[in-house]
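So the sequence shown is residues 4 to 150, counted in the numbering used here. Only one structure is covered here, and it is reproduced in the block below.
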Amino acid sequence: MVAFSNILIALTVLFVFYIVLRFVLKLKVCALCASVSTTWLGLLVMKLFGFEIDPLIMGILMGGSAVGIMYLLEKKMSEKYSILKFPFLLTLFTLTYIVLTDFGEGLLIYLIILFLWVVFLTVFLMGENVEVFKKIGKKLIECCKNW
Numbered sequence: 004m005v006a007f008s009n010i011l012i013a014l015t016v017l018f019v020f021y022i023v024l025r026f027v028l029k030l031k032v033c034a035l036c037a038s039v040s041t042t043w044l045g046l047l048v049m050k051l052f053g054f055e056i057d058p059l060i061m062g063i064l065m066g067g068s069a070v071g072i073m074y075l076l077e078k079k080m081s082e083k084y085s086i087l088k089f090p091f092l093l094t095l096f097t098l099t100y101i102v103l104t105d106f107g108e109g110l111l112i113y114l115i116i117l118f119l120w121v122v123f124l125t126v127f128l129m130g131e132n133v134e135v136f137k138k139i140g141k142k143l144i145e146c147c148k149n150w
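Pasting the structure below:
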């Protein structure tokens with residue numbers, strides 16, 4: 004089993020590596036995001052080659068990447084798309100779960116994710132024309148701002 008201390012060392016070395024790349028090559032990359040993603044991708048490859056990898060550690064790192072992707076998109080996209088953060092994040096968590104497990108729950112999980120996307124997309128799309136959906140959408144977006 005790959006020791007957690009080795010993973011912390013790898014994260015630190017990769018973080019410094021990406022900081023240096025940013026400085027030397029003027030590479031526009033988040034050193035934190037890149038080091039975390041590179042680490043879990045490396046662990047995934049090691050797992051595919053038969054190494055014993057703790058799925059909890061990979062799940063923590065992959066979950067961090069999922070949240071990081073969500074925040075990156077939030078910065079790059081218009082605020083009106085913020086309403087889609089919840090189904091997007093749960094989709095990324097589901098993909099993480101699928102990668103890390105034998106995925107015995109199949110259809111039910113797909114239906115839950117599909118249901119969430121239908122509900123949130125309905126509020127998003129109807130919010131332009133229907134006042135009640137506009138209010139719901141506004142409340143959902145403000146939820147993350149006013150707590």
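From the three backbone atoms N, C-alpha and C, an ideal C-beta is built for every residue, glycine too.
- Counting only runs that start and end inside the stretch 95–134, the alpha helix (DSSP H) elements of at least 4 residues fall at 109–129.
- A direct Cα-to-Cα measurement between Val-48 and Glu-55 gives close to 11 Å.
- Bounds of any alpha helix (DSSP H) do not take in Leu-87, whose DSSP letter is neither H nor E.
- Just measuring C-alpha positions, the residue of Met-129, Leu-44, Phe-96 and Ala-13 sitting nearest Gly-66 is Phe-96.
- Met-4: not part of any alpha helix (DSSP H); DSSP gives it neither H nor E.
- Contact between Ile-116 and Thr-94 holds, since their C-beta atoms are separated by about 6 Å, short of 8 Å.
- Here Met-49 carries a helix assignment [DSSP, helix/strand/coil].
- Within the same chain, Cβ atoms closer than 6 Å to the Cβ of Leu-30 are found at Leu-24, the five residues on either side in sequence being excluded.
- Taking a contact as a CB-CB distance under 8 Å, the pair Val-126 and Gly-107 does not count as one, their CB atoms being some 31 Å apart.
- Under the DSSP assignment, Val-70 falls in the alpha helix (DSSP H) whose first and last residues are 58–79.
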